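In terms of our numbering, the sequence shown is residues 75 to 554.
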Amino acid sequence: MGNQGQEAQQPCHAQQWCASICCGCPSLTRLDTVLDIEGPIKAEELWRGVPLRNLLSGFGRVIRTRPDTLPVAERAKLFRLSRQVDTFDIFISHVCGTSGFMKYITLVMDQIGWCAFVAALVASCVLFVLQACWHQLPRAVYFTRYDSMLGVFITASFWELLGGVTSAWLVYALGHLSCRRIYCFFDFASISQTRVDLKAAGISNIPAFIRASRELLVLWDENYFSRLWCVYELAVAQSVRGIPIRNLPMHVYVLLALGQLCWFAAGMIYLLVTPWDFWGGHFGTLSAGIPVFALQAHAGCTFARLYRKLQEQFESFDVRGALISYESDRRSICVSIEELFGGSLDTFNHQVRTNLKAAVLHSLTGQRAMLTYRGLLWQTLPAMPLMFSTFSSTLHLPLYHHVSHYLFGVTFGFCVLPTSSAAAMELGKRIAACTSMTGPMTAIGHAGVGILFASFLCGWYQLVWILPCWVSVGGMHEFG
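Shown next, in the form of structure tokens:
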């Protein structure tokens, strides 16, 4: 069946920061008031939520599992990972056949991304304060250069960048351990895969599970809206007023994680290249920034391609022809749809093609940028640790240098870089809209976007940091 899961996230702040569609916290329905239980099935066998800690442990071992490939004993172990609950915090809707690693990355970035960002900021700041107030950590003389403008030697400090990014990655890997009270409905772990009667009861109560959830979380890829189960879950959630629906484009989140790695590599390149000479900073910015901003353009192009396919899927949707893993489930879903939508499958088709289509498309394009500001900050997470490294490298310089340097660092990390990344993604979307640009021309267009925004960063670097320092040391005296 097309799949879903749920996460309870009341104590976790990361999810609240990442919300892209928020309708306010709904008044939850307790499972014991809505579940339809018949026969020998016990309530505790049906009200099952998976702790987020279990869902993300082992780098998403459960998420990456395909239950249809497991022996009966292993499928029983999956069910034992769940616990009895009264409500769910998140209902995760996903396609079973989609890459489990993509699902894991998307969930980690969504649930723990903010905590990782704070960890990187705090760790790099602590290392900077340590070097500024108490003791300078060891540095390699190979990364020392003489600044002819300021008349001083400058040695690059890598500690803040390495320490900040390492702290963030540790939070990504281990942060789920603190989420013990966060419970999820994840289909093949919350519904028994070994007992036929219990599985049938779980499937028939999917609408009740959705009504008892704080939100519906969609792990979206190009196959999502072609799957009957997925569209059914989304339609049920939309029919229940007050339940927020959040669509997370998995390809974009994977590119976001890749962008974070690229920004870290860009920061390392910058620190390695800068000591060459006075213009090393510009060369480092260009050599590091061009591929990173080209990647942003590629992300925008990928999003535009998926968005077009999504529109086509909605316009041609027909519940009778939607894909499903087990044809035996189609009849039970159709019966449930008829009960919810006035006894007519055509009414459901119309609902999907109109109201659901409008809501989903708005959730993906209803903001000015492809990613929220917080998402852009997470992508450029290494930027502030890099700034603290450059601050630490110039601790011995005069006050006028620090003022312009700190102004540049704050505006760079929290304003210029996120804005430039969003603009590069938007240009990538426009390149995708230009049907005449295909193949090599598209790659050239992405490279052009990289050159444009890397050059812009060089200009900002010169205007906000270098020029004030140059003026302060008398660089304008030649003009009288």
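For every residue, glycine included, the Cβ atom is placed at its ideal position computed from N, Cα and C. Bear in mind the structure is a predicted one, so any value in this text is a computation, not a measurement.
A straight line joining the alpha-carbon of Phe175 with that of Arg135 spans about 9 Å.
In the displayed model, Ser361 falls within a helix according to three-state DSSP. Between Val326 and Ile179, the C-beta spacing is not below 8 Å. If you ignore the 5 residues before and after Arg157, its C-beta comes within less than 8 Å of the C-beta of Arg122, Gly123, Val124, Pro125, Tyr257, all in its own chain and listed in chain order. The segment 227-241 and the segment 452-463 touch, with three or more beta-carbon pairs separated by less than 8 Å. Secondary structure note for Trp452: its alpha helix (DSSP H) is the uninterrupted segment 447-453. Assignment of alpha helix (DSSP H) within the segment 377-465, counting only whole runs of 4 or more residues, yields 401-414, 419-425, 431-439, 447-453 in chain order. Val226 carries a strand assignment under DSSP once its states are collapsed to helix, strand and coil.
Scanning its chain for C-beta atoms nearer than 7 Å, with the 5 sequence neighbours on each side dropped, one finds around Leu419 the residues Val393, Arg394, Cys408, Ile411, Glu412, in chain order. Under the DSSP assignment, Glu289 falls in the beta strand (DSSP E) whose first and last residues are 287-294. Within a 10 Å sphere around the beta-carbon of Trp452 sit 16 or more other beta-carbons, which makes this residue buried.
Between the beta-carbon of Phe162 and that of Phe299 there is about 23 Å, and that puts the pair past the 8 Å contact cut.
The C-beta distance from Phe367 to Ala498 rounds to 5 Å, short enough to meet the 8 Å contact threshold.
Taking a cut-off of 8 Å on C-beta distances, the segment 304-323 touches the segment 266-284, as three or more cross pairs fall below it.
Here Leu293 is near Ile166, since their CB atoms are less than 8 Å apart. In this chain, the alpha helix (DSSP H) harbouring Asn128 covers 126-134.
In this structure, the straight-line span from the alpha carbon of Tyr480 to that of Phe465 is close to 8 Å.
Per DSSP, Ser495 is one residue of the alpha helix (DSSP H) stretching across 491-507. With the rule of 3 Cβ pairs closer than 8 Å, the segment 143-160 counts as touching the segment 250-266. Taking every protein chain shown into account, the CB of Cys207 has fewer than 16 other CB atoms within 10 angstroms, so this residue is exposed. A contact is defined here as three or more CB-CB pairs under 8 Å, and the segment 316-324 fails this definition with respect to the segment 417-432. The C-beta of His250 has 16 or more other C-beta atoms within 10 Å across all chains shown, which makes the residue buried.
Distance from Ile364 to Ala528 at the Cβ level is roughly 5 Å; contact confirmed, criterion being Cβ atoms closer than 8 Å. The C-alpha of Thr468 lies about 40 Å from the C-alpha of Cys253. Val169 and Met183 have their C-alpha atoms spaced approximately 19 Å apart. At a Cβ-Cβ threshold of 8 Å, Gly513 and His372 do not count as neighbours. When DSSP reads this structure, Tyr257 sits in a beta bridge with Pro125. For Gln158, DSSP records a beta bridge to Arg122. Per DSSP, reduced to three states, the secondary structure at Pro472 is coil, with no helix or strand assignment.
A residue is called buried when at least 16 other Cβ atoms come within 10 angstroms of its Cβ; Asn429 does not meet this threshold and is exposed.
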